[in-house]
Amino acid sequence: MTDILQAVRGAALGAVAGVAAMAMGTTAIAGGHGGVDFAGKTVEFVIPFSESGGSARWANFFAPLLSEHLPGNPTVVVRYRPGAGSTAGANWFQEQTTDDGTLIFGTSGSTQFPYLLGDPRVRYEYKDWRPVLASGTGGVVYLPGDLGADYDGDMDAFTDVDFLYGSQGATTLDLVPLLAFKLLGLTVDPVFGIEGRGDGRLMFERGEANIDYQTSSAYLRSVVPMVESGMAVPVFSYGALNDAGEIVRDPTFPDMPSFKEVCEATAACSTEGTAWEAYKAFFIAGFAAQKMVYLPGTASDDVVATYTKALQDIIARPDFAELAAAELGVYPQLTGNGAISASDQATTVSDESKAYVLDWLKSDYGVTME
Amino acid sequence: MDLLATALPALGEALTLVLQPQQFLFLVTGVLLGLSIGVLPGLGGIAGLSLVLPFMFGMEPVSGLALMVGLIAVIPTSDTFSSVLLGIPGSTASQATVLDGFPLARKGEAARALAAAFASSLFGGLLGATILTFFIFFARPLILAFGLPEMLMITILGLSMVAILAGRVPLKGLVAAGLGLMVGTIGAAGAGGSLRMASYDFPYLVDGLQLVIIGLGIYAIPEIVSLLRQDRAISRDGGLGKGWLDGVRDWWRNKWLSVKCSAIGVIVGVIPGLGGSVVDWIAYGFTVQTARDKSKFGSGDIRGVIGPESSNNAKEGGGLVPTLIFGIPGSGSMAVFLGGLALLGYDPGPHMVRNNLDITYTIVWSLALANVVGAGLCILLSTPIAKLTTIRFTLLAPFLFMIIAFAAFQSSQQLEDLAALVAIGLLGIFLRRFDYSRPAFLIGFVLSHQAESFANMANQIASSRFRRSFEAGIEYIASPLSLALLALTVISVVVGIRQAKHILGNDNAPTGAKRGPMVFLLLITAYLSVAWIDALTISRMGDKIFPVTVGAITLICCLLLLLKMMRAPEGHAVFADLETGGEDAEAPHGLWSTLGWFVGLLIASSLVGFILGLAAFLLAFFRVRAGLGWGRVLLFSALGVAFMCFLAWTLGRDFPPGLLQAFYPKMPWPLT
Chain A
1 MTDILQAVRG AALGAVAGVA AMAMGTTAIA GGHGGVDFAG KTVEFVIPFS
51 ESGGSARWAN FFAPLLSEHL PGNPTVVVRY RPGAGSTAGA NWFQEQTTDD
101 GTLIFGTSGS TQFPYLLGDP RVRYEYKDWR PVLASGTGGV VYLPGDLGAD
151 YDGDMDAFTD VDFLYGSQGA TTLDLVPLLA FKLLGLTVDP VFGIEGRGDG
201 RLMFERGEAN IDYQTSSAYL RSVVPMVESG MAVPVFSYGA LNDAGEIVRD
251 PTFPDMPSFK EVCEATAACS TEGTAWEAYK AFFIAGFAAQ KMVYLPGTAS
301 DDVVATYTKA LQDIIARPDF AELAAAELGV YPQLTGNGAI SASDQATTVS
351 DESKAYVLDW LKSDYGVTME
Chain B
371 MDLLATALPA LGEALTLVLQ PQQFLFLVTG VLLGLSIGVL PGLGGIAGLS
421 LVLPFMFGME PVSGLALMVG LIAVIPTSDT FSSVLLGIPG STASQATVLD
471 GFPLARKGEA ARALAAAFAS SLFGGLLGAT ILTFFIFFAR PLILAFGLPE
521 MLMITILGLS MVAILAGRVP LKGLVAAGLG LMVGTIGAAG AGGSLRMASY
571 DFPYLVDGLQ LVIIGLGIYA IPEIVSLLRQ DRAISRDGGL GKGWLDGVRD
621 WWRNKWLSVK CSAIGVIVGV IPGLGGSVVD WIAYGFTVQT ARDKSKFGSG
671 DIRGVIGPES SNNAKEGGGL VPTLIFGIPG SGSMAVFLGG LALLGYDPGP
721 HMVRNNLDIT YTIVWSLALA NVVGAGLCIL LSTPIAKLTT IRFTLLAPFL
771 FMIIAFAAFQ SSQQLEDLAA LVAIGLLGIF LRRFDYSRPA FLIGFVLSHQ
821 AESFANMANQ IASSRFRRSF EAGIEYIASP LSLALLALTV ISVVVGIRQA
871 KHILGNDNAP TGAKRGPMVF LLLITAYLSV AWIDALTISR MGDKIFPVTV
921 GAITLICCLL LLLKMMRAPE GHAVFADLET GGEDAEAPHG LWSTLGWFVG
971 LLIASSLVGF ILGLAAFLLA FFRVRAGLGW GRVLLFSALG VAFMCFLAWT
1021 LGRDFPPGLL QAFYPKMPWP LT
């Protein structure tokens, strides 16, 4: 038995080595700079999610690029530490003291939200960490063709409609659309318990749900064909943040009104006050700065500078836009001070906004944070 | 024939692509990788795919595709080894194979069972690909026809298989299934996040128990412990009766069964959200219900291997459909596959069928080709690997303990994983001892989550429709498809109850005093009562209704069973207790001392970390329990530790740290 296993294993090892050698061959162009050299080292890129989510894709997109652009071309491996809706992995990262840059951590809106809402499982503190990259994304809300025919730039015509929305849970990224629906004065019954946004789209296609949203890349891929055949009508994109911190049209969808525009046009909706501020805070944490890369708080300035430089090089690659289009969409990838301020915005929420959201979660959905 | 005009050229192009030497080489590489990972119990497609994922970016797309597809295709084939040889379901795809495959191995017919399984896998994979080639054009309307009520009905159809697997005392089967359902509700509720039998002060249970741990605990630990107590080979007479040719002949005799089960595999696999976890049970149920002579099922009927194995490879092909044309993964490994596709620059979605038909066919037929290569290889390997069943099990057991501990630890990388494994293992040992149906428990656990969420969601949508009008509501819940599935479920339950006595027949399970079975039942009842009361205190209705209802029904079953026990005389089937007679009672080693070895491994790991603990465990076990000379003790222990290090290193996984590591955090790998 051992013989056979050994033989199989030997073949497997050979295969791994072969594949590794091939991958090396394509990425062996060095780019040494900065005071830190990673030659011969292994960088662990830890994400608090499983192998199957969007964060895994995002991390696996950046890992080989980092390997190519960090000085000394370290091996960059993605490690998965899923659990407790990503709080388990973040709690683990909080205790790490690796200061030589061989450990980086990728968070997502699902890590930010429990932190902002005061989830009792959270034992991590974003302010202790050092951000080096912030990736944004966007999303589009759409209606079925028959309902969408009545849409004229505001949601006043829909106040009497009973909407059903397939949702992953009120405290996930779905908090943003649910809050948007509330601001617009819509009656939306979320059907909780779906596994991913794709399931929500399927519910919409089956006619079980009659309002839905998809992130930008999924929208372009799977909803645009429905829009072309008249089965779906886009209502608004969440928008993007400009330099002044205002919500403007999403650069991916320049012809589509942003949520802010629709809100201004809708009688029930106001772009001032506690509700709006709360929405905006969670929109930033959930979308505008959705995925971020952090070094542990113990990392030296040299290490931070090295990473910043490597990431800037990656973004400056002539082929980056093309590479990123499918994976990340055309959204800003912020580094340096941009990453720091994005991280601040995404992890800060006023007490008023927090209280408003907690109150709303409890009264409308019976969801509490205890 | 518009269809043929588009399909044929794309098909031709795909086949040329697939058969190019370079792609073929990558495919075979994927198959070999998948084979060497799938053969280990508890590790499957996700572990394998995450191994190659880092290399995807920048790879030539068709080669990358071939590598991933080769890997995926062979997992449901290779995990059959541990299902048949060790009685441990290698992954969800091979749960039902254990029922008849393992008894065959114990009869000394492991090679025959394996070969029949692989022949079925091969055929299922090929037939699946053929069906898919044309079916992919009609799949979209079919998938859209499966709304939540229909998915709920399929889940219930899966649950109805409990009827046929319930064993000699149907009430016990119900209790086992109900307990499985309740254990499945542990943790934060899917919808509102209310905690059930868990607390934020003890975060481990908030995520619920992972399937890997339940599968290993319920099957692997009881079987390993039981085999180890007897200190001999798995094959009772130590021989290998029939060779692989007989297995292939067996498959040929049952080729029509294989055809039908493959079709079931494709159809159920296509429906997203079911994750294929019910396919093998439905195929097994179908096999039993349509067989004329049912007397041998559960004690080694080759058809019980052919049915589920034909379906599980066909299912992989079916699972590709929602993954490719909706971009919705049908299972965990499909989700990783989807991520890999994106890294290769492919963009799954409705256009995959319209504009990228050649790529779609490349994937489908790579899968088929990988099945041929993988299953062919497995058939050739089946006789030598089946020799495992003829060597002294005491030499095998420590390696198995090592691998399942490592596999269990991968589920959340906390020491609690290992503690949970022991706790569930204990439950598994008692379920086995007192003749409760372990498959029923497993079906309950596997389907618990989807039964709850489909029921809640369908209910919510139905009430919204009923508010609109009565007709709209009825039209939604009583669609022709739901009604057909309902009818199928009723037939399955009726036939199942009638036949259950003959299946899983521990025909003359020894019975003993009343006390043991009574105490165990009281313990189950106590747990269920606590869980039920705990569920009652939840304030959110959607998170509460399922555990309260299921808990109440299961508790009623428990009470009826208790009543039955009080009335029945000693020696009645309800008092089955494997410790009172037969193999277990005559075993030279005790239950507790044997389990103690495994617990010892865990305690050592929690003190000095996994690798040091493992080294100590292996040395002590081979020397004391197996009584080997020092030369072989050292050799085997070194082999074990080296193998573990190699596995963790290639997979990029950590080992469980212990107290020692808490004090000295800077230990060199692999001692960390």
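As given, the protein sequences belong to chains A and B, one line each in that order.
Be aware that the first sequence starts at 1, since it is given in the working numbering, and climbs by one per residue.
Be aware that the second sequence starts at 371, since it is given in the working numbering, and climbs by one per residue.
Note that the Cβ used here is the ideal one computed from N, Cα and C, for glycine as well.
Less than 9 Å separates the beta-carbon of I695/B from that of M722/B. In the DSSP assignment, T75/A falls within the beta strand (DSSP E) that extends over T75 to Y80.
For S909/B, the chain A residues whose C-beta falls within less than 8 Å of its own C-beta are G366, listed in chain order.
L423/B is positioned such that its CB atom lies no closer than 9 Å to that of S752/B.
As the crow flies, the alpha-carbon of G795/B is around 44 Å from that of L328/A. At a cut-off of 9 Å between beta carbons, R838/B contacts chain A. Around the CB of F504/B, fewer than 16 other CB atoms lie within 10 Å, so the residue is classed as exposed.
For G336/A, not one C-beta of chain B is nearer than 9 Å to its own C-beta.
In this structure, S605/B lies away from T764/B, with their beta-carbon atoms at least 9 Å apart.
Classified as exposed, N337/A has fewer than 16 neighbouring CB atoms from the shown chains inside 10 Å of its CB. Counting only runs of at least 4 residues, the segment 157-211 of chain A fully encloses the following alpha helix (DSSP H) elements, listed from N- to C-terminal order: 175-183 and 197-205. Within the segment 806-872 of chain B, the complete alpha helix (DSSP H) runs of at least 4 residues fall at 808-838, 840-847 and 850-869. Taken through DSSP and simplified to helix, strand or coil, A489/B comes out as helix. Counting the other Cβ atoms within 10 Å of the Cβ of I861/B gives fewer than 16, which makes it exposed. The beta-carbon separation of G983/B and A974/B, rounded to 3 Å, stays under the 8 Å limit for a contact. Assignment of R317/A by DSSP, reduced to helix, strand and coil, places it in the coil class.
For the segment 150-169 of chain A, the set of residues with a beta-carbon nearer than 7 Å to any beta-carbon of chain B comprises D162, L164 and G169, in chain order. Contact of M231/A with chain B is not assigned, every C-beta pair being separated by 9 Å or more. Assigned with DSSP and collapsed to three states, F890/B falls in helix. Interface flag for N60/A against chain B is set, since a Cβ pair is found closer than 9 Å. Here K127/A is exposed. Its C-beta has fewer than 16 other C-beta atoms within 10 Å. Close CB contacts of L708/B within its chain, under the 8 Å cut and outside five residues either way in sequence, are with T693, G697, P699 and P718 (chain order). A residue is called buried once 16 or more other Cβ atoms fall within 10 Å of its Cβ, and D663/B, having fewer, is exposed. For S823/B, a Cβ of chain A is located within less than 9 Å of the residue's own Cβ.
By DSSP's assignment, F1006/B forms no beta bridge with any residue. Between L535/B and G548/B, the beta carbon gap of about 14 Å keeps them out of contact (Cβ cut-off 8 Å).
In this structure, the CA atom of L179/A is about 12 Å from the CA atom of D189/A. Between the segment 428-445 of chain B and the segment 77-85 of chain A, the count of Cβ pairs shorter than 8 Å is below three; the stretches do not touch.
Comparing alpha-carbon positions, the option among R885/B, L492/B, M911/B and A778/B lying closest to M827/B turns out to be M911/B. Nearest CB-CB separation between R317/A and chain B: not below the 9 Å threshold.
Positions of the beta strand (DSSP E) runs, each at least 3 residues long and wholly inside the segment 42-122 of chain A, are given as 42-47, 75-80 and 103-107 in order along the chain. One Cα belongs to L579/B, the other to P1040/B, and the distance between them is close to 27 Å.
Residues of chain B whose Cβ lies closer than 8 Å to the Cβ of P64/A are, in chain order, P424, F427 and G428. Burial is judged here by how many other beta carbons sit within 10 angstroms of a residue's own beta carbon; T266/A has at least 16 and is buried. Nearest neighbour of A325/A by Cα position, chosen from L220/A, A90/A and Q112/A, turns out to be L220/A.
Listed as beta-bridge partners of F236/A by DSSP are V141/A.
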